[in-house]
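Numbering-wise (my numbering), the sequence shown opens with residue 4 and increments by one.
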Amino acid sequence: MLTYADVLNAPVDKLKTAVDDWSETATRLAKLAREAHDGMRAHADRASWAGVNAGVTRAFITRTAKEFDDAAKEASGVHGVLLDGYGAFKRARDELRAIVDEAGRKGFVIDASGTVAARHPLQDDAAARHDPEYPQALQQQNSALEAWQQRVRAAVGTCAEADEALRLALAGNVTDAHDFSAPKFTGLADEEAARAADLARKVTGDGGTARNPEALKALQELLDDHRGDPAFSTAFYRRMGAEGTLDFYARLSLDATALGPAGADRLASVHRIQDDLGPMLGLATSPRTPGHLDASWTLALMRAGRKPIDVGGFAGVTTRVYGYQALGALLRHGTYDREFLLPVARDMVGFEHQHPKVFQQGMPYDTARAFNLDREGGRGFDPLTGLMTALSNNPQVASEFFDEPVREDTDGNGIVTTDDGPVTVKDDEGQSSSLGMVAYMLDKSPSDDWYDTAPGAGDTTPFQSALGNALEAAVTGRTPGTDAPPVEHTAMMSHVMEQVVEKIGSDPSLLKEADDGTPGRLAGLSGHFGDMAAEYMPDLQAISENGAHQAKPFGVLAEFNRAQVGQFLGVVAQDPGAYGAITNAQQAYTTLLVRDVFAHPENHGHDVGEAVRNAVHPGGQIAGMMAEARVEAVYEKQAAADEDFNKAVEDKSKWVNRVIDSVGGKYIELLPVGGDAVGWLKEDISERLVDEGKENSSDKASQEAGAAYTKAESNAKQSAANAVRSAGISAGLEERDVREFEGTASTSIAGAYSAGRSATRAITPQGGGE
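See the structure below:
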């Protein structure tokens, strides 16, 4: 085992000399090999041999030429592993020297054995002990000391691993003292990947994870260390093979999850391995990785996904799992290129559509067995849940996936590709059309993945939760729950959103609670739909009114059906979280439009008042829709308390920032000049919404639905007037002009608010007064 001193004083210059020498040797041998092949052997092959030694001589020349070729390959292999070793040793030495220098500047010293100590230890300072802050200062110094020690250990450990890999690689490449041979390993990563593949086979072989804890731990450490290494990842998966990869994942997961409390340590290692395998597969299949796994490997993976994996020997004789179940679980982690993930997703869905019950058949009797070890996402037996999770982590692929039809294997080659035709369905009038991916996924019942629900799961099933995230990623270009910057909407993103609105807007019962209190089967997705609507607020308002072309879409404008928008928003906004997101987005966007009118009146014709009406009218319609939905949820269905909606408006205030950052980022003229002014604008809108929400809460226990409508309309008018006042004053308008435009906005809101309520009234039976 290498020591601290070995690494700090590593003679990397000598190793560099050896690397250069072997490079020159390999080049010369390669030249000799070419000359032997093109000269000596070519002449021998063309010659007319005769006599006693003819056969012997020709064979000798052929063998000799091959020896030159093998010698060149062996030298190249030695050079490759030495070059990798030199790089690893130099990085470790340089890092260790940098640690020594940096630690010294921070008041720590490292002795010859690699032990870190404080230059002025506080525990030895008698005077410091009387300082009131001594305990905290001592703890900070000890924590810093341990952090420096960990960095030293890590640098030495990394170099030691490289040293061992170099030893094994050289031993593997030079196996015969009397004969040359092609190298077994091309570099250190190749040797380590081969070792990892051997360990993977061992822990899923005889005895499984229970009897191979050392091998399991060694495998975990290897994968942990190299999960970000493209060369290692590619070599590992190439050595495992497509079918071997899925077999390994299935056996590893199903075996370890049945060990019980005694196997908790092994289960933890398997969980770590699972977390590594996804990112590694993403690297191995990325076109940006030199020598990456190409389309032929992906095709083999898809064929393996359709095959059953024999796990009956340890998981129960009736247990039958498919490769796609293992792959679905594997894909939950990692970033994938479209050239890999999209074909896999297309075929997985095609296979599931062809065999809709196949994944729930042959489940293990032991309910502890699972593919998925994460806290969320079910047990992992429904591969579509894992696929949706993968798509939510790879938004660009999600957009393309959901913009496709579901396909079936029309050419009969056993794999669904873009060469195959779409699945066709007939409507009530007998008209045939392609089955879209959005419609197919949203048509799935929440009970479809009953077999995959983990004990103690919430109301939203694993698949439905993952589907909501995937759809949201597809239309926003961002992974849900992250603070990634806005992504300008592409045609595919907008088209997916159009399909979602069409699906829900055409059948609000998918979200709407039935008369017997049963929630709509997609009710669990309302929060996602609310965030998606907030993302597309400019597009939704444009369908209400855009005759003056004042809409400011963030990218390609989505084109919705007006009636479907009313139905969609009317049912989605009955969920408090969705209501909060939509309301914040509507207020922010309307405020930006009003600011645009006063900041750039030259762009809005001669009648600024008419431009103000055009700016606030669409937002007024949305406000009317929101009021209708909120009143039904609170007063008609009693599905939520009014305070839930107020709290949601406050909690979802991030949508004010998102709308301003996205729309304002594209149309920079909508924003006030200066970062502080932009921040003030965000705070102003957010605080105004919260204040209006508090007003709505007054005396709600006795308030009738009709009074709620009136109050909501009053708030909508006041909000528009406030937006006008803020923008007008910012633009330098006189007070009398500001008041006049406030009145214009309020009047426009009244008509728009009524129109918005009417647009949603078809799905909200009226119980309150007007």
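Glycine included, every Cβ here is placed at the ideal spot set by N, Cα and C.
Just to confirm, is the Cβ distance from residue i to residue j under 9 angstroms?
i: Leu543; j: Phe557; result: no
i: Lys220; j: Ser272; result: yes
i: Leu334; j: Val352; result: no
i: Arg230; j: Ser236; result: yes
i: Leu257; j: Val324; result: yes
i: Val478; j: Asn587; result: no
i: Gly383; j: Ala332; result: yes
i: Arg691; j: Gln589; result: no
i: Phe317; j: Arg254; result: yes
i: Gln570; j: Leu528; result: no
i: Val441; j: Gln357; result: no
i: Ala561; j: Tyr539; result: yes
i: Ala287; j: Tyr240; result: yes
i: Ile688; j: Met629; result: no
i: Ala303; j: Glu355; result: no
i: Ala165; j: Ala91; result: yes
i: Leu284; j: Gly337; result: yes
Looking at the ligand FAD, does it come within less than 8 angstroms of residue i, judged from the CB to the closest heavy atom?
i: Thr338; result: This structure simply doesn't include the ligand FAD, nor any ligand for that matter.
At what residues does the alpha helix (DSSP H) containing residue i begin and finish?
i: Ser436; result: No alpha helix (DSSP H) holds Ser436; the beta strand (DSSP E) holding it covers Ser435 to Ser437.
i: Val320; result: First-last for Val320: undefined, no H or E at that position.
i: Gly409; result: Gly is not the amino acid found at residue 409; the sequence shown has Val there. Val409 -> no alpha helix (DSSP H), and no H or E assigned at all.
i: Leu125; result: From DSSP, Leu125 is part of no alpha helix (DSSP H); its letter is neither H nor E.
i: Asn396; result: Pro386 to Asn396
i: Glu355; result: Arg341 to Gln357
i: Gly508; result: Ala494 to Ser509
i: Val419; result: Looking at the DSSP string, Val419 is not in any alpha helix (DSSP H), and its letter there is neither H nor E.
i: Glu224; result: Pro216 to His229
i: Ser468; result: Pro465 to Thr479
i: Ser512; result: Counting along the chain, Ser512 falls outside any alpha helix (DSSP H), and DSSP gives it neither H nor E.
i: Glu195; result: Leu191 to Val206
i: Leu270; result: Ala267 to Ala287
i: Leu330; result: Gly326 to Leu333
i: Ser299; result: Ala298 to Gly308
i: Ala253; result: Ala245 to Ala259
i: Lys650; result: Asp645 to Asp654
i: Leu262; result: Taken as a continuous stretch (DSSP letters only), Leu262 belongs to no alpha helix (DSSP H), as it is neither H nor E.
i: Tyr7; result: Tyr7 to Leu11
Using CA atoms only, rank isn't needed, just tell me which of the options is closest to residue i.
i: Val320; options: Gln364, Asp452, Leu99 and Thr456; result: Gln364
i: Ala95; options: Val112, Arg154, Leu85 and Tyr443; result: Arg154
i: Thr421; options: Ala618, Asp412, Ile113 and Thr427; result: Asp412
i: Thr28; options: Ala78, Gln223 and Ala517; result: Ala78
i: Arg122; options: Asn145, Val419, Leu11 and Asn660; result: Asn145
i: Gln152; options: Leu344, Glu105, Ala140 and Phe188; result: Glu105
i: Thr248; options: Ala234, Gly211, Met305 and Leu225; result: Met305
i: Ala261; options: Leu169, Phe188, Ala373 and Pro216; result: Ala373
i: Gln126; options: Val426, Asp664 and Leu141; result: Leu141
i: Ser497; options: Gly530, Glu403, Met366 and Val112; result: Glu403
i: Val84; options: Ser26, Glu98, Pro604 and Leu345; result: Ser26
i: Gln567; options: Glu613, Lys506, Leu514 and Gly623; result: Lys506
Could you spell out where the beta strand (DSSP E) holding residue i opens and where it closes?
i: Val112; result: Phe111 to Ile113
i: Lys429; result: Thr427 to Lys429
i: Ala120; result: Val119 to Ala121
Would you mind sorting residue i into buried or exposed? The rule is 16 or more other CB atoms within 10 Å of its CB.
i: Tyr368; result: exposed
i: Trp453; result: exposed
i: His133; result: exposed
i: Ala101; result: exposed
i: Ser701; result: Confidence is the limiting factor: at Ser701 the pLDDT is only 39, short of 50, which leaves the residue's position unreliable and the question unanswerable from this model.
i: Ala8; result: exposed
i: Gly433; result: exposed
i: Met4; result: exposed
i: Gly110; result: exposed
i: Asn660; result: buried
i: Lys555; result: buried
i: Thr774; result: Here the chain has residues from 4 to 773 only, and residue 774 is not among them.
i: Gln139; result: exposed
i: Gln143; result: exposed
i: Ala150; result: exposed
i: Ala238; result: buried
i: Pro489; result: buried
i: Tyr712; result: Summary for Tyr712: the model assigns pLDDT 48, below 50, so the residue's position carries little reliability, and this model does not support an answer.
**Report entry** Those runs of the alpha helix (DSSP H) which lie wholly inside the stretch 540-609 and span at least 4 residues
**Finding:** Within the stretch 540-609, the alpha helix (DSSP H) runs of at least 4 residues that lie entirely inside it are, in chain order, 540-547, 565-575 and 579-602.
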